[in-house]
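Contents: one structure, followed by commentary.
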Amino acid sequence: MKVLITGSNGQLGSEIRELAFHYKELDIVFRNSHELDICSFEALQDFIIDHKINAVINCAAYTAVDKAEQDAEIAEEVNSKGVLNLVNALEKVNGKLIHISTDYVFDGNQYMPYRESDLVSPIGVYGETKREGELAVINSTLDVLIYNKLSPFIFKDYGL
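Under my numbering, residues 1 to 160 are what the sequence shown spells out, in order.
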């Protein structure tokens, strides 16, 4: 199986790169935003098809929570539209997706751990754009998994 890791220079992508040697059965391809822009559907689709990508772990995100308030357009481009591009490109090859979200889709006012069935209430532009990305994934026809640290897994016919 050929797996693409987007956002490979970020915190999570870098950690996955360090652990990749444990998974020799996978052909893992790492790309950062300069090498592969998920905001460009054509480039993304071509890359997935040309490299015969079967699955993506999406670590790409605009994560500057406070700065997102001023950079709302950029945050939406990466966190929402970029994720939709991933979904659309993977649907064409019947691919699989692990999408990393954030606890900012919840307001943090609950004292118990959040569950997948809890209502979301995004905090600011960052949380709102990440939620839009989640919805693109949830509403897709892909086998997917969405992860955030307060509500760890949202499965949808997932089978890697």
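Glycine included, C-beta positions come from ideal geometry on N, C-alpha and C.
Self-check item: Distance, residue 72 Cα to residue 104 Cα
Solution: 15 Å
Quiz prompt | Opposing strand residues paired with residue 97 [DSSP bridges] | solution = 56, 144
Practice problem: Look at the alpha carbon of residue 164 and the alpha carbon of residue 111, and state the distance between them as a whole number of angstroms. | Solution: Here the chain has residues from 1 to 160 only, and residue 164 is not among them.
Exercise. For the stretch 25 to 52, list the alpha helix (DSSP H) runs that are entirely contained and at least 4 residues long, ordered along the chain.
Key: 41 to 50
Quiz item: Less than 8 Å separating the beta-carbons of residue 13 and residue 59?
Solution: Contact: yes.
Quiz item: residue 107 to residue 116, Cα distance in whole Å?
Solution: For residue 107 and residue 116, the gap between their C-alpha atoms comes out near 14 Å.
Practice problem: Tell me whether residue 36 is buried or exposed, calling it buried when 16 or more other Cβ atoms sit within 10 Å of its Cβ. | Solution: When all chains shown are included, residue 36 counts as buried.
Self-check item: Residue range of the unbroken beta strand (DSSP E) whose run includes residue 4
Solution: 2 to 6
Quiz item: Are the beta-carbon atoms belonging to residue 129 and residue 80 less than 8 Å from one another?
Solution: yes
Quiz item: Among 76, 56, 39, 31, which has the Cα closest to the Cα of residue 94?
Solution: Looking at the Cα atoms, 56 is the closest of the given residues.
Quiz item: Apart from the five residues on each side of it in sequence, which residues of its chain come closer than 6 Å, Cβ to Cβ, to residue 68?
Solution: 75, 125, 126
Self-check item: Through-space distance from residue 40 to residue 82, alpha-carbon basis
Solution: 8 Å
Self-check item: Residue span of the alpha helix (DSSP H) that contains residue 17, given as start and end
Solution: 11 to 19
Self-check item: Three-state secondary structure assigned by DSSP to residue 134
Solution: helix
Self-check item: Three-state secondary structure (DSSP) of residue 129
Solution: helix
Practice problem: Let me know if residue 119 comes out buried or exposed under the rule of 16 or more other beta-carbons within 10 Å of its beta-carbon. | Solution: exposed
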